[in-house]
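Numbering (my numbering), first residue to last: 1 to 160.
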Ligand code: 4NP
């Protein structure tokens, strides 16, 4: 039985990528695939290492029954490119930062989250940090859409 490891990446690892991590974990648990799909998140920046997710992200997530409270910010490290099968960026700046950090042989593991969305045709998950509460709802809507598509794509790769 094979397994797949996925890491969601944004800038701070306190808003978008922990939200994606929680949404994906919920989908994977409900699909009874927790032992086959490893999920993590990280930030390209170092400002929020060790911090819990932004309170606005936690509040918005809680309304949809996702619990972000145990997550803590960490920064992407070069070893992540060997450890994970997919490194999934939220926006173009994350994608560029990951591409610059990645060993060349792992660069094809870097993808954009919204590639996997089927309802929302946005190319990126916009940073909600400097905006209002509604930005955090949009992030969750986008994560729910894209993570469903991602799970479908991963199922196709898992040999049962
Ligand atoms: P995230 O949001 O990348 O979705 O976690 C941000 C969090 C913090 C900052 C920027 C974006 N910041 O500038 O500290």
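Think of the CB as a built atom: it goes at the ideal place given N, C-alpha and C, for glycine as much as any other residue.
Since the structure is predicted, the reported quantities are computational estimates derived from the model, not experimental observations.
How about residue i and residue j: do their beta carbons lie closer than 8 Å?
| i | j | result |
| --- | --- | --- |
| residue 85 | residue 4 | yes |
| residue 128 | residue 116 | no |
| residue 88 | residue 71 | no |
| residue 133 | residue 60 | yes |
| residue 25 | residue 125 | no |
| residue 36 | residue 150 | no |
| residue 51 | residue 73 | yes |
| residue 75 | residue 94 | no |
| residue 140 | residue 23 | yes |
Just the Cα atoms here: how many angstroms apart are residue i and residue j?
| i | j | result |
| --- | --- | --- |
| residue 138 | residue 104 | 33 Å |
| residue 8 | residue 18 | 8 Å |
| residue 81 | residue 39 | 14 Å |
| residue 2 | residue 21 | 21 Å |
| residue 130 | residue 152 | 32 Å |
| residue 42 | residue 122 | 22 Å |
| residue 58 | residue 78 | 28 Å |
| residue 154 | residue 32 | 13 Å |
| residue 83 | residue 142 | 26 Å |
| residue 28 | residue 64 | 16 Å |
| residue 54 | residue 66 | 14 Å |
| residue 6 | residue 111 | 11 Å |
| residue 160 | residue 109 | Per-residue confidence for residue 160 stands at a pLDDT of 49, beneath the threshold of 50, marking its modelled position as unreliable; no derived number is given. |
| residue 56 | residue 48 | 15 Å |
| residue 148 | residue 34 | 15 Å |
| residue 118 | residue 146 | 7 Å |
So, under 8 Å CB-CB, residue i and residue j are touching, yes? Tell me the CB distance rounded to an integer number of Å.
| i | j | result |
| --- | --- | --- |
| residue 44 | residue 11 | 6 Å |
Following the continuous beta strand (DSSP E) through residue i, name the residue where it begins and the one where it ends.
| i | result |
| --- | --- |
| residue 41 | 37-43 |
Which stretch, first to last residue, makes up the alpha helix (DSSP H) that contains residue i?
| i | result |
| --- | --- |
| residue 81 | 80-83 |
| residue 30 | 16-30 |
| residue 139 | 134-157 |
| residue 1 | No alpha helix (DSSP H) contains residue 1, which DSSP labels as neither H nor E. |
| residue 97 | 92-101 |
From the DSSP output, which residues share a beta bridge with residue i?
| i | result |
| --- | --- |
| residue 86 | 6 |
| residue 114 | The partner list for residue 114 (beta bridge, DSSP) is empty, contrary to what the question assumes. |
| residue 58 | Partner(s): none; residue 58 has no beta bridge. |
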